[in-house]
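Heads up, the thing below is written out as structure tokens.
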Amino acid sequence: MRCRVCKGPIVIELRQHNAAFCEEHFLRFCRDQTARSIKKFDMFGTDDRILVAVSGGKDSLALWDILLDLGYTADGLVLGLGIGEYSESSTEFARTFARDRDATLHEINLQESYRFDVPTAARETGRVPCSACGLSKRHLFDKTALELGYDVVVTGHNLDDEAAVLFGNTIRWKDDYLARQAPVLPARAGFPRKAKPLVRLGEREMAAYCLLRGIDYIVEECPMAEGNKHLEYKALLNELERTSPGAKMQFYFGFLDRAARHFEPEDAVEHLISACVRCGSPANGEVCSFCRLAERAAPVVLLPTRSGRDS
Ligand code: Q46
Ligand code: ZN
Ligand code: ZN
211 MRCRVCKGPI
221 VIELRQHNAA
231 FCEEHFLRFC
241 RDQTARSIKK
251 FDMFGTDDRI
261 LVAVSGGKDS
271 LALWDILLDL
281 GYTADGLVLG
291 LGIGEYSESS
301 TEFARTFARD
311 RDATLHEINL
321 QESYRFDVPT
331 AARETGRVPC
341 SACGLSKRHL
351 FDKTALELGY
361 DVVVTGHNLD
371 DEAAVLFGNT
381 IRWKDDYLAR
391 QAPVLPARAG
401 FPRKAKPLVR
411 LGEREMAAYC
421 LLRGIDYIVE
431 ECPMAEGNKH
441 LEYKALLNEL
451 ERTSPGAKMQ
461 FYFGFLDRAA
471 RHFEPEDAVE
481 HLISACVRCG
491 SPANGEVCSF
501 CRLAERAAPV
511 VLLPTRSGRD
521 S
């Protein structure tokens, strides 16, 4: 096979696109696919300040790299989740990338700022680790974006992630989650806009992108991911993709084009009416779910108040 664009020797074949590319045109393909999603879903513009949710993995670092190359103003935020060596290495990869690209990286360490970490929170509250972790991540990315004046938070969720989440939500018909499956979610009171510019690219492409660009990233899976249903769904969809190239794209984009509108929330009734007395974030009671989690995970320590986030 030869490169679809220049007919030169190839570095990758993409069966779902019935195409193959040389290095230069594969990198351009990744940028073009990202730019296409940003435009099609009206995710953000060149005047917007973007906060990249950086994990130290291939997707978030590739996304950050592509956004910078496309000329966007994109800073990163990495969270120290306290998941042993995995968290330390992840943060180190994020720092190295930021240093190499002369980009701004914000850091929040759960233990230092809130006196708990993900394993403790999971243990003390009886939640599965990914639930405690996801709640903390959403809260800290949203809150930091709003406090520092970013217009949008972007995440490195790729097509494999989104198809797996859609699959899980579909087989259980989780209407409320299906309503939030779009690659861009508008800002609402207390929440910034969120976007997933990598939805047209898969894991394999992102790994190849990082390899070709010389971006080092954490390869190991998070040790707390065990039992995570999404990994199971990903494996199922990979098997399907092997025999039917393009199945993931058809499933995900078919849903967006033809079915998503049926799951749109009815007249957005605002359930989260109050501001958390501790941190000011939206809450459906006095205290938001993150502060409730933190209180149970680190009960003897006074939590930061609205005026002293990192103190
Ligand atoms: S970091 Fe956190 Fe993930 Fe680890 S504990 Fe689960 S959610 S698997 S992306
Ligand atoms: Zn080429
Ligand atoms: Zn709170």
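Numbering (the numbering used here), first residue to last: 211 to 521. Idealized CB from N, CA, C, for every residue including glycine. This structure is a prediction, so every number in the text was calculated from the model and none was measured.
With contacts defined as CB atoms closer than 8 Å, VAL264 and GLY290 fail to qualify as a contacting pair. Sorted by position in the chain, CYS486, ARG488, CYS489, SER491, CYS498, CYS501 make up the residues whose C-beta lies under 5 Å from a heavy atom of ligand 3. Here CYS343 is actually not in contact with VAL362; their C-beta atoms are around 22 Å apart, not less than 8 Å. A distance criterion of 7 Å places the beta-carbon of CYS232 in contact range of ligand 2, judged by its closest non-hydrogen atom.
In this structure, DSSP gives ASN368 a state outside helix and strand, which the three-state scheme calls coil. Here CYS486 is buried, its C-beta having at least 16 other C-beta atoms within 10 Å.
Contact between the segment 251–262 and the segment 227–238 is absent: fewer than three C-beta pairs spanning the two stretches fall below 8 Å. Of ILE318, GLY267, SER341, GLU357, the smallest CA-CA separation from GLY437 is found for SER341.
With a minimum length of 4 residues, the unbroken runs of alpha helix (DSSP H) contained wholly in the segment 310–386 fall at 320–324, 328–335, 339–357, 369–381.
Judged by DSSP in its simplified three-state form, ILE248 adopts helix. Bounds of any alpha helix (DSSP H) do not take in ALA470, whose DSSP letter is neither H nor E. A direct Cα-Cα distance of roughly 10 Å separates ASP467 from PHE461. When the alpha-carbon of HIS349 is set against those of PHE401, GLU322, PHE303, LEU280, the nearest one is in PHE401.
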